[in-house]
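Chains as they are written, first to last, in our numbering: chain A, 83 to 440; chain B, 140 to 336. C-beta atoms are modelled at their ideal positions from N, C-alpha and C, and glycine is treated no differently. Please read these numbers as outputs of a predicted model, since none were measured by experiment. Reading through the structure tokens given below for one structure.
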Amino acid sequence: MKVSFFETIRYLPPEPLPSEWPVPSGTYDREAGAAAFRGVMERLEYVEQLGFDWVSVSEHHYSPRILTPSPIVAAAYIAARLPRLKIALLGPIVPHSNPVRVAEELAMLDNLAQGRLIVGLLRGTANEALTYDLNPAEARQRTDEGMELILKAWTEPHPFGWQGRHFRYRTVSIWPRPLQQPHPPTYALGTSRESCEFAARHHLGCGVSYGPFDVMARATRYYREQCARHGWQPTPEQIVYRANMLVADTDEEAHALLRRQPDQAPFVMRAGVREAMMTLDSRNIAGQARSPIVTGALPTTFVGSPDTVVEQVRRCREVVGAGVLDLSLHPPGAGDLEPLMRALDLFGGKVLPRIRDL
Amino acid sequence: MSETGVREGHVAGEGAALVHLTAARGSGPTPAHRLLAQRFRVLALETPGVPASPEVAATLAGTLQSLGVERFNLMATADAAPTALWLALHAPERVLAMVLEAPAPMPAPSHEASLERRLPGLATPTLLLVGTRDDVAGPAPGRAYKALMPNAHLVFVYDAGPAVGADRPEAFAEVAIDFLERREAFVISRAATVIHP
Numbered sequence: 083m084k085v086s087f088f089e090t091i092r093y094l095p096p097e098p099l100p101s102e103w104p105v106p107s108g109t110y111d112r113e114a115g116a117a118a119f120r121g122v123m124e125r126l127e128y129v130e131q132l133g134f135d136w137v138s139v140s141e142h143h144y145s146p147r148i149l150t151p152s153p154i155v156a157a158a159y160i161a162a163r164l165p166r167l168k169i170a171l172l173g174p175i176v177p178h179s180n181p182v183r184v185a186e187e188l189a190m191l192d193n194l195a196q197g198r199l200i201v202g203l204l205r206g207t208a209n210e211a212l213t214y215d216l217n218p219a220e221a222r223q224r225t226d227e228g229m230e231l232i233l234k235a236w237t238e239p240h241p242f243g244w245q246g247r248h249f250r251y252r253t254v255s256i257w258p259r260p261l262q263q264p265h266p267p268t269y270a271l272g273t274s275r276e277s278c279e280f281a282a283r284h285h286l287g288c289g290v291s292y293g294p295f296d297v298m299a300r301a302t303r304y305y306r307e308q309c310a311r312h313g314w315q316p317t318p319e320q321i322v323y324r325a326n327m328l329v330a331d332t333d334e335e336a337h338a339l340l341r342r343q344p345d346q347a348p349f350v351m352r353a354g355v356r357e358a359m360m361t362l363d364s365r366n367i368a369g370q371a372r373s374p375i376v377t378g379a380l381p382t383t384f385v386g387s388p389d390t391v392v393e394q395v396r397r398c399r400e401v402v403g404a405g406v407l408d409l410s411l412h413p414p415g416a417g418d419l420e421p422l423m424r425a426l427d428l429f430g431g432k433v434l435p436r437i438r439d440l
Numbered sequence: 140m141s142e143t144g145v146r147e148g149h150v151a152g153e154g155a156a157l158v159h160l161t162a163a164r165g166s167g168p169t170p171a172h173r174l175l176a177q178r179f180r181v182l183a184l185e186t187p188g189v190p191a192s193p194e195v196a197a198t199l200a201g202t203l204q205s206l207g208v209e210r211f212n213l214m215a216t217a218d219a220a221p222t223a224l225w226l227a228l229h230a231p232e233r234v235l236a237m238v239l240e241a242p243a244p245m246p247a248p249s250h251e252a253s254l255e256r257r258l259p260g261l262a263t264p265t266l267l268l269v270g271t272r273d274d275v276a277g278p279a280p281g282r283a284y285k286a287l288m289p290n291a292h293l294v295f296v297y298d299a300g301p302a303v304g305a306d307r308p309e310a311f312a313e314v315a316i317d318f319l320e321r322r323e324a325f326v327i328s329r330a331a332t333v334i335h336p
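Printed below as a string of structure tokens:
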């Protein structure tokens, strides 16, 4: 099992913030922000020493929860300062972006990182459609087309044009090309039928997140079936599972800590917007309709003592088939570092060595 | 149908001549043809089962002459692409620009006729349209022509199979018309992005 550390910057607001998304930009505290960004490298150097395989960053906007609206900027900074960890961009929100620009930036980053880049391409959470005025009804189609164009820009030998549904270019010919050939290891992130089929058709990995093992297994099973239909089988490392983990000395302590965590998501869209959004933003797990998580906190999949968590990881490997865990050892939006560092010590000392060979 | 196997098909529209070569028999006008016919007089010529050669190209040039078509734009689909290329090589001054839809691979060269040897000298502006879901010829022939021809432009039509014009008629017609009207300058965008003046 490979292990990835999900880096979210960990902003600790000096005062409570409004709970609605978007969070007013004027409430950003520069000192708290500077401290959060200062702390990143010290933490990640430790993460690297502990033997993690990847550090991951993701794209979220207009809230302090995950302070990497441009994950490429974060990844370039991290890659320059760590020699060994792979840098996983999970990922650029494709339907927002100019796909050619994404292909260029990722190729450049793969070169800067000397071939340590891992890429996850995705559609983004429902609220992100509001960020750059994306029509949520078009998000799925723009994602599929944008992903295909990114792969084309990385691999096509001659200048080409693109006559798409949502994107049109007459001239594409990127420099530099990615260092890794034909391109960095790439995952289509999401449980949807469309995402699994896209990944299978283009020989990409598949990434799922947060849901229960049996539900996520429906998506990964569908992905493997589609891969077989296209005549290949993914390796375990081509299935990533992103999850929250709460590890403590004992099961009792872990569950007590879990009970103290908020059960509501930190920043949510106001009800009228949320409801209108839900009518436009259809999602599915391997073709079965699912409702997105909109107000509840993200579940914590792995909870307990090191022994318990090792067993849960073994089950995840068996049921979901994941060969990479992308972990938050403390809720991704929480800025208090002490519990995170304690969990990192415990995970690095008592869990990581035992899940390595699962 | 002439004794050389060339058949005249449908004619539609008015304006400059656009000759469409297909190797298929009895193919009617597609939705893309109807869009093209708004700008051009589209003349379909079928060459079913006729292998591409300089001789067939000479016959076609004669057929078009007898139809009163002196200078023309040329479009060819799939297996007819090599024939279109021979026609442009045979009468470069008559072929204004070319669109090759899902072009078939270059035929193996014979002793006296090698497209591979001749194409680097063909300056005709040529648009190569390849569907991203083309699992018949795939992108390889388009890339090969692009690499050989000094004035070729390769455009992928997203989500289209080998029948690009049937699968994405508006996308096909927009880029084909733009290329035939502006040739190489079609790479310069004219799309307006002003939301409110």
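Give a yes or no on whether 7 Å exceeds the smallest Cβ distance from Ala310(B) to chain A. Proximity of Ala310(B) to chain A, defined by a Cβ-Cβ separation below 7 Å, is satisfied.
When we look at the beta-carbon of Ala191(B) and count the other beta-carbons within 10 Å, is it buried (16 or more) or exposed? Ala191(B) should be labelled buried.
Is Ile327(B) buried or exposed, if buried means 16 or more other CB atoms sit within 10 Å of its CB? Ile327(B) should be labelled exposed.
Just the Cα atoms here: how many angstroms apart are Tyr304(A) and Met298(A)? For Tyr304(A) and Met298(A), the distance between alpha carbons rounds to 10 Å.
Beta-carbon within less than 7 Å of Glu130(A)'s beta-carbon, same chain only, minus the 5 sequence neighbours each way: which residues are those? Correct list, in chain order: Leu164, Arg166, Leu167.
Between which two residues does the beta strand (DSSP E) harbouring Arg120(A) extend? That residue, Arg120(A), is in no beta strand (DSSP E); its alpha helix (DSSP H) goes 112-132.
Under three-state DSSP, which class holds Ala368(A)? Coil.
In the region 257-277 of chain B, which residues sit with their C-beta less than 7 Å from some C-beta in chain A, listed in chain order? Within the region 257-277 of chain B, the residues whose Cβ lies closer than 7 Å to some Cβ of chain A are Thr271, listed in chain order.
Could you check where the beta strand (DSSP E) with Gly270(B) kicks off and where it finishes? From DSSP, the beta strand (DSSP E) with Gly270(B) extends over 265-270.
Quick check: Leu268(B) and Val296(B), are their CB atoms within less than 7 Å of each other? Contact: yes.
Leu293(B) versus Gly207(B), Gly277(B), Leu157(B), residue with shortest Cα-Cα distance: The option with the nearest alpha carbon to Leu293(B) is Gly277(B).
Cross-strand partners of Ser292(B) (DSSP beta bridge): The amino acid occupying residue 292(B) in the given sequence is His; Ser does not appear at that position. His292(B) has Leu266(B) as its beta-bridge partners, per DSSP.
Neighbourhood of Gly270(B) by C-beta distance below 7 Å, restricted to the same chain and skipping five residues each side: So the qualifying residues of the chain are Ala241, Val296, Ala299, Gly300, Pro301, Val303, Asp306.
Where Ala252(B) and Pro193(B) are concerned, what is the direct C-alpha to C-alpha distance, given to the nearest angstrom? Roughly 7 Å separates the two Cα atoms.
Chain B contacts made by the region 280-293 of chain A, where a contact means CB separation under 7 Å: Hits within the stretch: zero.
DSSP state of Ser291(A), grouped into three classes? Note: Ser291(A) maps to strand in three-state DSSP.
Could you give the DSSP three-state label for Ala185(A): helix, strand or coil? In this structure, Ala185(A) counts as helix in the three-state DSSP scheme.
Compute the minimum distance between the beta carbon of Asp215(A) and the heavy atoms of the ligand NAD, and state whether it is under 6 Å. You won't find the ligand NAD in this model; it holds no ligand whatsoever.
Does the region 401-410 of chain A come close enough to the region 310-324 of chain A that 3 or more CB-CB pairs lie under 8 Å? Three or more beta-carbon pairs drawn from the region 310-324 of chain A and the region 401-410 of chain A are found closer than 8 Å, and the two stretches are therefore classed as touching.
When the cut-off is 7 Å and only beta carbons count, does Leu293(B) lie next to chain A? So yes, Leu293(B) belongs to the interface.
Should Pro150(B) go down as buried or exposed, given a rule of 16 or more other Cβ atoms within 10 Å for buried? Per the sequence shown, the amino acid found at residue 150(B) is Val instead of Pro. Burial is judged here by how many other beta carbons sit within 10 angstroms of a residue's own beta carbon; Val150(B) has fewer than 16 and is exposed.
Just mark Tyr214(A) as buried or exposed, buried being the case when its beta carbon has 16 or more other beta carbons within 10 Å. Residue environment: Tyr214(A) is assigned as exposed (fewer than 16 neighbouring CB atoms within 10 Å of its CB, all protein chains considered).
Tell me whether Glu318(A) is buried or exposed, calling it buried when 16 or more other Cβ atoms sit within 10 Å of its Cβ. With the sequence shown as reference, residue 318(A) is identified as Pro, and Glu is not the correct amino acid for it. With fewer than 16 other Cβ atoms within 10 Å, it is exposed.
Please list, in chain order, all residues of the same chain as Ala219(A) whose beta carbon is under 7 Å from its beta carbon, the five residues on each side excluded. Closer than 7 Å at Cβ, skipping near neighbours: Leu362.
Contact set between His265(A) and chain B, taken where Cβ atoms lie within less than 7 Å: Here the premise fails: no neighbours, minimum Cβ distance about 16 Å.
Just checking: is the beta-carbon of Val189(B) within a distance shorter than 7 Å of some beta-carbon in chain A? Between Val189(B) and chain A, the shortest Cβ-Cβ separation is not below 7 Å.
Does the beta-carbon distance from Glu227(A) to Ile175(A) come in below 7 Å? In this structure, Ile175(A) does not lie closer than 7 Å to Glu227(A) by Cβ.
On the three-state DSSP scale, how would you describe Trp136(A)? Trp136(A) falls in the strand class under three-state DSSP.
Tell me the rounded alpha-carbon separation between Ala185(A) and Leu233(A). Our two residues, Ala185(A) and Leu233(A), have alpha carbons roughly 8 Å apart in a direct line.
Apart from the five residues on each side of it in sequence, which residues of its chain come closer than 7 Å, Cβ to Cβ, to Pro221(B)? Excluding positions up to five away in sequence, the list reads Ala191, Ala243, Met245, Pro246, Leu254.
Once DSSP output is grouped into helix, strand and coil, what is the label at Met214(B)? Residue state, collapsed to three classes: strand.
Would you kindly report the start and end of the unbroken alpha helix (DSSP H) that includes Trp236(A)? Residues 221-237.
Tell me the rounded alpha-carbon separation between Pro267(A) and Thr237(A). Their Cα atoms are separated by approximately 13 Å.
Contacts around Pro151(A), its chain only, beta-carbon distance under 6 Å, and the 5 residues preceding and following it disregarded: Closer than 6 Å at the Cβ level, and outside the excluded window around Pro151(A), lie His143.
Let me know the secondary structure DSSP gives Phe325(B) once reduced to three states. In the structure shown, Phe325(B) adopts helical secondary structure according to DSSP, grouped into three states.
Determine, for Arg120(A), whether the minimum Cβ-Cβ distance to residues of chain B falls below 7 Å. Output row for Arg120(A): interface = no.
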